[in-house]
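Line order of the protein sequences matches chains F and G. If you read the first sequence in UniProt numbering, its first letter stands for residue 1, the second for the next number, and so on. If you read the second sequence in UniProt numbering, its first letter stands for residue 1, the second for the next number, and so on.
2 protein chains.
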Amino acid sequence: MMRTRPLKVALLGCGVVGSEVARIMTTHADDLAARIGAPVELAGVAVRRTGKVREGIDPALVTTDATALVKRGDIDVVVEVIGGIEPARTLITAAFEHGASVVSANKALLAQDGAALHAAAGEHGRDLYYEAAVAGAIPLIRPLRESLAGDKVNRVLGIVNGTTNFILDKMDSTGAGYQEALDEATALGYAEADPTADVEGFDAAAKAAILAGIAFHTRVRLDDVYREGMTEVTAADFRSAKEMGCTIKLLAICERSKDGTSVTARVHPAMIPLSHPLASVRGAYNAVFVESDAAGQLMFYGPGAGGSPTASAVLGDLVAVCRNRLNGTTGPGESAYADLTVSPMGEVVTRYHISLDVADKPGVLAQVATVFAEHGVSIDTVRQQGKDGEASLVVVTHRASDASLSGTVEALRKLDTVRGVASIMRVEGE
Amino acid sequence: MMRTRPLKVALLGCGVVGSEVARIMTTHADDLAARIGAPVELAGVAVRRTGKVREGIDPALVTTDATALVKRGDIDVVVEVIGGIEPARTLITAAFEHGASVVSANKALLAQDGAALHAAAGEHGRDLYYEAAVAGAIPLIRPLRESLAGDKVNRVLGIVNGTTNFILDKMDSTGAGYQEALDEATALGYAEADPTADVEGFDAAAKAAILAGIAFHTRVRLDDVYREGMTEVTAADFRSAKEMGCTIKLLAICERSKDGTSVTARVHPAMIPLSHPLASVRGAYNAVFVESDAAGQLMFYGPGAGGSPTASAVLGDLVAVCRNRLNGTTGPGESAYADLTVSPMGEVVTRYHISLDVADKPGVLAQVATVFAEHGVSIDTVRQQGKDGEASLVVVTHRASDASLSGTVEALRKLDTVRGVASIMRVEGE
């Protein structure tokens, strides 16, 4: 029953991921054809600069005119692995207009303009798939969108950025400071020359927006995601975490409120107990916990980045989109019917670990405790350490809203006896 | 764009899983309708005995005549959660003949007759989905069949039976023997009154057959799976495992041969290093590792059984099958094009931990080592312990074929100085 006319694929971008997609399309051509029900053919590869020799890719297929490629009219599927907002957005939109379905790995674009792109796909009866945009090779979008389609997801909690996990893991295991660990990550190729997108949490925030939208069947944009990077995490924070039986991870957390009417999405460093499965996620690996009503706790773990793993996800989507194409149908589109409110960070409820530098004299603890009480933040434990007239107070709270905690901290800063707030870290996963 | 005519669902079986499916279909009706694009209606529930009050289910829907229900002709989807070979097989076949798609949680049937059932589904242009048949709520069939459709899977290794994992975890943490741990599992409802299917590995073997078939795009039947239960695992085995920095798990292992032309599937207890993520899978949880060319190592973790988790998987499939139905299409069917040989256990290559009771006199080790050498099995480490004229020898081998190891053990038994072979355990996950 094999159809002989091949499905034509245009590849936009031929970097680390794109070249791997092209390679697998060639070396695994027979398997892909058998699984799809028709051969797939690489019909064109758009790059920024020609001239570079690309092993295994016919030079005649390579072009710098991506626009002409997506508008050719005979392209069945456009694979976009350029990244960034433009020209990717314009090219994807043009692809739909010219009859192609799209497979993308572009988290930034999906997080910012997912709704518009889904609408364009729907208008033209085409597919938009993007498993590779979140957590590399780990199947996550499809399980959330399809496997859990009959369940109610309440929480998604995970490590979705390999670069920062590598750095934090290094700080944890060696006692190194942030800069030292970052330097090692850069030297080993885990961090880019400009690591801002990773270490400031922009990358993880884009993934959180995508995951929250799919998990809760509502629209969550990048701007809705509270974001705090991990550049200020110190070796001292790791020592504090260890004293609590915790480590520190940069987490993406998407939660449904208790009453079910609103959701929150956030990215920030947090202490998690060593007994939590996410605590043992090492190096550049990713792992995501999903909690739902019926399924309970699920975890998905694997390599979150890299050419081959990302290509695996892209090709899985390519097979699905090609099958849909042959069947004259499309897969599930955007599901945003629930239309829930995205609440601000102030409404998030969690626990906090606060280190204060205080004067080493009687009555300080009473003053500090009073401030917490006045803001309705209940204290779980306090630890005092004094030396040479200076002292530190480490307070771990019970669950409180982020707004109450912020109010508490603001008031603490005004106390004469509080010299400074050394660190504030959320405590998750308990 | 909501279609108003509801899709009609017939539920076969209303036990722990079925009643939960019915409950969620009722309580989450609006969500399911929004996600599918049409309402779904419970059109009938087939049970063995009527009379029992089933909370939330209209008694008028309940029937003991499952055959009449699937043959009604207006049923869009049959959900089969009866289990066992018959009458499930006849009912599912009749469902296809009368125009329904099928969602099943029946691992035994799928492992035995999957090919015939897929053929029947294909002949009538209907879907056969069965995510719930393997590892409960954990999305595994869909990720293997769809997310990794562009990749080449080389190995699937996992804990796919919660009952035995509960028992082994208990033995590991308390030092209890098998019977004591089984009694506790039975008392807590983790083991059935007749635990044979679980403890003898039949349940895990059925799942291994299903996983191997999907992972390698070939047919693997239950009879192709080597199976060894865990009833002979002793407290002494756990002590030996601990000395090696290992624990013992009942594993399902499906592997592609190095040259890619054949596969093996097996279920047996094995030692795995404590550092392996599967070692920390506690209680009745399941977890499955998947290794593929491009994606690398992925892990899927979650509750492997129970009414709610299994219902979550069933409902995910129900949503997918209903969407396909509305689109007038079907999802991916059986993919067995690779048509690989399933090799016997003798060809499996792994490491072994062998405990021998030997005479405590000079020359025994030399004799034993000679037997290993004669069979081409290379020894990694040997540990001797002597007491009162008796001694034990613990041998850990390098990688060797199961046939070579069996030959070795047979020859060892014939040595006068070997009083007995106390245990043979495979060592995996290194």
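Ideal placement from N, C-alpha and C gives every residue a C-beta, glycine not left out. From a predicted model like this one, the values you see are computed outputs, not experimental measurements.
- The C-beta distance from G/Val-233 to G/Arg-266 rounds to 16 Å, too long to fall under 8 Å, and the pair is not in contact.
- Boundaries for G/Leu-157: no alpha helix (DSSP H) harbours it, while the beta strand (DSSP E) harbouring it runs 153-159, taken from the DSSP string.
- Runs of the beta strand (DSSP E) spanning 3 or more residues and lying entirely within the stretch 69-117 of chain F occur at 77-80, 101-104, in chain order.
- When 9 Å is used as the limit between beta carbons, F/Pro-6 is near no residue of chain G, the shortest such separation being about 16 Å.
- As DSSP reads the structure, G/Glu-228 sits in no beta bridge.
- Among the CB atoms of chain F, none fall inside 7 Å of the CB of G/Asp-30.
- At a Cβ-Cβ threshold of 7 Å, F/Leu-12 and F/Ile-82 count as neighbours.
- For F/Asp-357, the pairing in a beta bridge is given by DSSP as F/Ser-392, F/Gly-420.
- Its chain contains Val-62, Thr-64 as the residues whose beta carbon lies nearer than 7 Å to that of G/Thr-50, once the 5 sequence neighbours on both sides are disregarded; these appear in chain order.
- Per the C-alpha coordinates, the member of F/Asp-388, F/Lys-361, F/Val-281, F/Ala-400 positioned closest to F/Ala-373 is F/Ala-400.
- Taking 7 Å as the threshold, the shortest C-beta distance from F/Asp-151 to chain G falls below it.
- 7 Å or more divides the Cβ of F/Ala-60 from the Cβ of F/Ala-46.
- The C-alpha of F/Ala-311 is placed about 5 Å away from the C-alpha of F/Val-21.
- Residues Ile-354, Val-421, Ile-424 of the same chain have their beta carbon placed closer than 8 Å to that of F/Val-409, with the five preceding and five following residues left out of the count.
- Annotation for F/Ala-197: Asp-203 place their beta carbon closer than 7 Å to its own, counting only its chain and skipping 5 residues before and after.
- Between G/Leu-211 and F/Pro-344, the alpha-carbon positions lie close to 43 Å from each other.
- Annotation for G/Tyr-285: the continuous beta strand (DSSP E) segment containing it runs 285-292.
- For a Cβ distance threshold of 9 Å, nothing in chain F lies close to G/Met-171: the least Cβ distance comes to about 21 Å.
- Within the stretch 317-351 of chain F, the residues whose Cβ lies closer than 7 Å to any Cβ of chain G are, in chain order, Leu-318, Val-319, Ala-320, Arg-323, Asn-327, Thr-329, Pro-332, Ser-335, Tyr-337.
- Secondary structure remark: continuous beta strand (DSSP E) runs of at least 3 residues inside the stretch 302-383 of chain F, in chain order: 349-359.
- Of all alpha-carbon atoms in G/Asp-127, G/Val-53, G/Ile-57, the one lying nearest the alpha-carbon of G/Thr-26 is that of G/Ile-57.
- For F/Gly-18, the enclosing alpha helix (DSSP H) begins and ends at 16-27.
- Just measuring C-alpha positions, the residue of G/Asp-31, G/Ile-36, G/Gln-112 sitting nearest G/Asn-324 is G/Ile-36.
- Among the CB atoms of chain G, none fall inside 7 Å of the CB of F/Leu-278.
- Setting aside the 5 residues that flank it on each side, G/Asp-360 is surrounded in the same chain by Gly-386, Gly-389, Glu-390, Ala-391, each with a C-beta closer than 7 Å to its C-beta; the list follows chain order.
- Looking from the CA of F/Val-396, the closest CA among F/Ala-235, F/Gly-245, F/Arg-256 belongs to F/Gly-245.
- Here F/Val-220 carries a coil assignment [DSSP, helix/strand/coil].
- At a cut-off of 7 Å, the C-beta of G/Met-299 has a neighbouring C-beta in chain F.
- In this structure, F/Met-171 lies away from F/Phe-216, with their beta-carbon atoms at least 7 Å apart.
- Residue-level contact check: G/Ser-101 does not touch chain F, since none of the beta carbons of chain F fall below 7 Å from its beta carbon.
- When the beta-carbon positions are compared, F/Gly-189 and F/Ala-235 stay at least 7 Å from each other.
- The C-beta of F/Thr-261 has fewer than 16 other C-beta atoms within 10 Å across all chains shown, which makes the residue exposed.
- Listed by position along chain G, the residues whose Cβ is nearer than 8 Å to that of F/Gly-302 are Ala-295, Gly-296, Gln-297, Leu-298, Met-299.
- When Cβ pairs closer than 8 Å are counted between the two stretches, the stretch 159-173 of chain F is seen to touch the stretch 285-304 of chain F, the count reaching three or more.
- In this structure, F/Asp-194 sits away from F/Thr-330, with a CB-CB distance that is not shorter than 7 Å.
- From the beta-carbon of G/Ser-257, no residue of chain F is found nearer than 8 Å; the closest lies around 16 Å away.
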